[in-house]
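S.K.: In this note's numbering, the protein residues as written are 8 to 254.
#1: Could you give the distance in angstroms between the alpha-carbon of residue 50 and the alpha-carbon of residue 44?
#2: Does DSSP put residue 150 in a helix, a strand or coil?
#3: Residue 110 lies in the beta strand (DSSP E); which residues open and close that run?
#4: Can you tell me whether residue 110 is buried or exposed? The criterion is at least 16 other CB atoms within 10 Å of its CB, across all chains shown.
#5: Taking just the CA atoms, how far does residue 123 sit from residue 142?
#6: Answer with buried or exposed for residue 83, where buried requires no fewer than 16 other C-beta atoms within 10 angstroms of its C-beta.
#7: Which same chain residues end up closer than 6 Å to residue 166 when comparing Cβ atoms and leaving out the 5 residues on each side of it in sequence?
#8: Should the segment 141-155 be regarded as contacting the segment 51-69, the criterion being three or more beta carbon pairs within less than 8 Å?
#9: Got a sec? Which residues, its chain only, sit under 8 Å from residue 203 by beta carbon, not counting five neighbours each side?
#10: Between the C-alpha atoms of residue 136 and residue 46, what's the straight-line distance to the nearest angstrom?
#11: What's the C-alpha gap between residue 75 and residue 250?
#12: In three-state DSSP terms, what is residue 122?
#13: What's the call for residue 131, buried or exposed, on a 16-neighbour Cβ count within 10 Å?
#14: Quick check: what's the CA-CA separation for residue 242 versus residue 87?
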């Protein structure tokens with residue numbers, strides 16, 4: 008099962024619509040990066056450079072490809088439950104990333120099984136093309152119903168194109184830690200992941216539903232309770248990007 012997400016990432020020259028996983032191509036135009044949840048630090052959700060999509064033209068979008076993470080994951084790890092591969096976070100997009108020497112437009116999204124995927128935005132395959140992936144793990148926590156559930160990546164990743172010596176990095180929080188991966192390969196950078204300090208030892212603490220925000224070389228990470236199970240915990244953590252340390 009793939010979670011339906013109705014949020015649109017409207018980019019000049021392309022429109023990525025998650026409904027399962029589908030990318031709909033719009034008319035060609037200058038490329039604009041969508042590097043964080045809501046497009047910018049203010050989470051405005053507004054790309055002011057958009058000139059292609061409108062209330063009229065959006066009806067003409069067609070499906071370019073559909074990627075379903077569950078079957079992909081189950082094929083490489085028999086312990087993974089394909090039906091748990093829900094997509095909770097908005098996809099982010101970085102254009103012209105050099106992958107094996109070739110400029111590639113990447114769509115990056117994580118799922119509930121803890122896999123972070125970089126997909127080729129211009130995939131020639133109708134089932135999508137995985138450029139790289141990294142299994143960041145998953146854990147079992149109490150559920151709202153009193154049983155348990157498996158959780159992995161529950162928020163959007165954030166891209167800093169100036170990090171990693173100018174080669175770019177992807178930051179994502181999951182399982183009580185913040186990971187930093189090379190944008191072109193998905194390999195964890197030296198010194199990462201950074202553990203998020205917990206307020207309590209209970210499994211009800213430490214969920215990261217909020218997307219990381221980056222300002223002035225600092226990562227801002229919000230945490231909350233895993234479910235509506237008392238006691239409730241939440242905090243804001245600041246991590247120095249260059250030092251890979253909690254301030």
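No residue lacks a Cβ here, since even glycine has one placed at the ideal position from N, Cα and C.
This one's a predicted model, so the numbers in the text were calculated from it and none came from an experiment.
M.R.: Put simply:
#1: Their Cα atoms are separated by approximately 6 Å.
#2: In the structure shown, the three-state DSSP call for residue 150 is coil.
#3: Where residue 110 is concerned, the enclosing beta strand (DSSP E) stretches over 109-117.
#4: Here residue 110 is exposed. Its C-beta has fewer than 16 other C-beta atoms within 10 Å.
#5: Answer to the nearest angstrom: the Cα atoms are 6 Å apart.
#6: Residue 83 should be labelled exposed.
#7: Closer than 6 Å at the Cβ level, and outside the excluded window around residue 166, lie 42, 99, 101, 177.
#8: Cβ pair count under 8 Å is below three, so no.
#9: Within the same chain, residue 203 has close Cβ partners 180, 183, 184, 185, 213, 215, 228, 230, 244, 253.
#10: Residue 136 and residue 46: Cα-Cα distance of roughly 24 Å.
#11: Residue 75 and residue 250 have their C-alpha atoms spaced approximately 36 Å apart.
#12: Residue state for residue 122 is assigned as strand, using DSSP reduced to three classes.
#13: Of the other Cβ atoms in all chains shown, fewer than 16 fall within 10 Å of the Cβ of residue 131; this residue is therefore exposed.
#14: Roughly 30 Å separates the two Cα atoms.
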